[in-house]
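Here is the structure we will look at, set down as structure tokens.
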Ligand SMILES: C[S@@+](CC[C@H](N)C(=O)[O-])C[C@H]1O[C@@H](n2cnc3c(N)ncnc32)[C@H](O)[C@@H]1O
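Numbering (the numbering used here), first residue to last: 126 to 558.
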């Protein structure tokens with residue numbers, strides 16, 4: 126396909142997402158199925174245009190002075206794909222598959238226009254209703270913090286220390302310029318994709334098949350690390366889902382003690398069995414949602430609640446979600462978070478810890494849920510996680526996480542701009558002994 130065809134395809138897919146409210150991954154997949162002639166390079170170029178357009182559609186519209194999809198896609202081609210406006214106009218000349226784009230003068234003006242004269246939500250590339258919430262939680266740098274949620278993300282991997290070590294995996298992934306993560310001691314990073322490139326499919330690598338590493342954002346790795354599980358402990362992963370954190374906990378516990386993996390949704394839990402096998406985890410017992418967990422009540426050293434949430438911290442990877450999020454959906458998540466905290470708390474033994482994690486940065490889903498939980502359930506106190514972060518994770522200079530005061534303790538919030546990770550919130554609560 127020539128450039129014109131790729132741009133037209135991106136516009137068609139974005140229109141499909143907008144009019145039929147379809148998730149981006151599904152819309153791209155369906156387009157690929159009905160356009161089998163498109164090669165893998167075409168698909169990755171089109172995918173990048175679609176994702177970049179979704180990430181920055183408000184600021185692009187402002188700078189292009191048009192919110193038409195063809196203007197947004199032209200902006201993505203110029204900025205994210207690094208195409209010069211004149212070269213773009215020339216490349217489309219005489220291409221019958223090319224869409225009609227803004228004229229060359231408009232596209233050239235786009236490059237020199239910024240968002241300094243626009244409302245904060247435009248520069249932040251978020252819906253208006255979320256702006257006050259972002260400002261409340263991120264402070265005076267909130268626009269830059271939010272805008273970093275629209276950057277292209279890196280591909281992060283977690284080394285499975287049950288089967289390998291970081292040096293060995295780095296060596297195996299040398300062709301992809303993999304480097305050690307700055308914060309996670311078991312993290313490896315492959316830089317964000319450039320222009321119309323794509324990330325390697327690391328899951329076909331021999332190392333992945335042998336269970337040496339998993340795909341997991343560095344923030345998610347840190348959340349599991351901050352749970353401070355140790356060999357020999359009894360742990361309940363109450364919202365285990367496909368097991369991303371379960372696997373990390375199992376490695377941190379060196380396959381000793383016991384992890385009970387539970388989720389209310391059998392379908393979400395299903396992939397965990399294969400993943401555990403590949404990773405060589407032998408200390409995990411997976412519980413069917415119908416299983417009675419009464420025997421675990423008051424007996425767990427650590428209960429991890431990786432709560433269902435809006436996922437605002439993962440918008441770099443799922444940019445369509447930010448435009449779909451509604452106040453109603455947020456309210457629903459808050460109710461689920463309260464319910465899941467209440468259910469999970471009863472498994473914590475006296476002196477044990479309840480670890481609350483979300484991949485959201487909204488105060489309502491984070492600090493406010495803990496503050497609402499404490500009066501409902503006497504005997505829990507918020508720990509100082511900032512201190513654990515410094516001892517478990519940080520050895521370098523500078524602030525790499527937000528310290529969030531919560532009821533006399535400190536929780537942590539990670540963001541792409543401050544921490545270089547997806548957005549995460551972690552708070553640990555100790556039950557009185
Ligand atoms: C953020 S996801 C978990 C991701 C997983 N821990 C990982 O690291 O891959 C949240 C999970 O909570 C589950 N969930 C929602 N409500 C629940 C409840 N009341 N009890 C248990 N699990 C619940 C959802 O099915 C979903 O799998």
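Beta carbons: idealized from backbone N, C-alpha and C, even for Gly.
Counting only the Cα atoms, residue 344 lies some 12 Å from residue 542.
It is roughly 10 Å from the alpha-carbon of residue 440 to the alpha-carbon of residue 484.
Secondary structure at residue 496: helix, using DSSP grouped into helix, strand and coil.
In the three-state reduction of the DSSP assignment, residue 177 falls in the helix class, which pools H, G and I.
For residue 483, the enclosing beta strand (DSSP E) begins and ends at 473–483. Distance from the CA atom of residue 208 to the CA atom of residue 452, rounded to whole angstroms, is 37 Å.
Inter-residue distance for residue 233 and residue 319 is about 22 Å (C-alpha atoms, whole angstroms). Taking one beta carbon from each stretch, the stretch 261–271 and the stretch 196–203 have fewer than 3 pairs nearer than 8 Å; the two do not touch. Annotated as distal: residue 523 and residue 557, with beta-carbon spacing of 7 Å or more.
Relative to residue 388, the option among 477, 364, 368 whose CA is nearest is 364. In this structure, DSSP gives residue 350 a helical state, which the three-state scheme calls helix.
Sorting 280, 194, 192 by C-alpha distance to the C-alpha of residue 546 places 280 at the top. By the Cβ-count criterion, residue 398 is exposed, with fewer than 16 other Cβ atoms from all chains shown falling within 10 Å of its own Cβ.
Here the alpha carbons of residue 459 and residue 489 stand approximately 7 Å from one another. If you look at residue 546, you'll find it isn't in any beta strand (DSSP E); DSSP assigns it neither H nor E. Secondary structure of residue 225 (DSSP, three-state): coil. Rounded to whole angstroms, the gap between the alpha carbons of residue 499 and residue 506 is 8 Å.
Residue environment analysis places residue 227 among the buried positions, since at least 16 neighbouring C-beta atoms fall within 10 angstroms of its C-beta.
Sixteen is the threshold: since fewer than 16 other Cβ atoms of the shown chains lie within 10 Å of the Cβ of residue 158, the residue is exposed.
Here residue 174 really is in contact with residue 206; their C-beta atoms are around 7 Å apart, less than 8 Å.
Per DSSP, residue 514 is not a residue of any beta strand (DSSP E); the alpha helix (DSSP H) it occupies stretches across 510–517. Annotation for residue 504: no beta strand (DSSP E) segment contains it, and DSSP assigns it neither H nor E. Shortest gap from the CB of residue 465 to any heavy atom of ligand 1: under 6 Å. Taking a C-beta distance under 7 Å as the contact criterion, residue 368 and residue 408 do not qualify as a contact pair. In this structure, the C-beta of residue 406 stays at least 6 Å away from each heavy atom of ligand 1.
Between the beta-carbon of residue 194 and that of residue 202 there is about 12 Å, and that puts the pair past the 8 Å contact cut. The secondary-structure analysis by DSSP pairs residue 281 across a beta bridge with 314. Excluding residues up to 5 positions away in sequence, 344, 526, 546, 549 lie with their Cβ nearer than 6 Å to the Cβ of residue 539 in the same chain.
Short of 8 Å from the beta carbon of residue 246, and not among the five residues preceding or following it, lie these beta carbons of its own chain, in chain order: 183, 252, 253, 255, 256. Sequence-distant partners of residue 461 (beyond 5 residues in either direction) whose C-beta falls short of 6 Å from its own C-beta, in its chain, are 433. Put simply, the backbone Cα of residue 374 is about 19 Å away from that of residue 519.
For residue 425, the three-state secondary structure derived from DSSP is strand. According to DSSP, residue pairing for residue 339 in a beta bridge involves 283. Counted as a single uninterrupted DSSP element, the alpha helix (DSSP H) harbouring residue 262 occupies residues 256–263. Apart from the 5 residues on each side of it in sequence, residue 337 sits with its Cβ closer than 8 Å to the Cβ of 284, 285, 288, 289, 293, 294, 297 in its chain, given in chain order.
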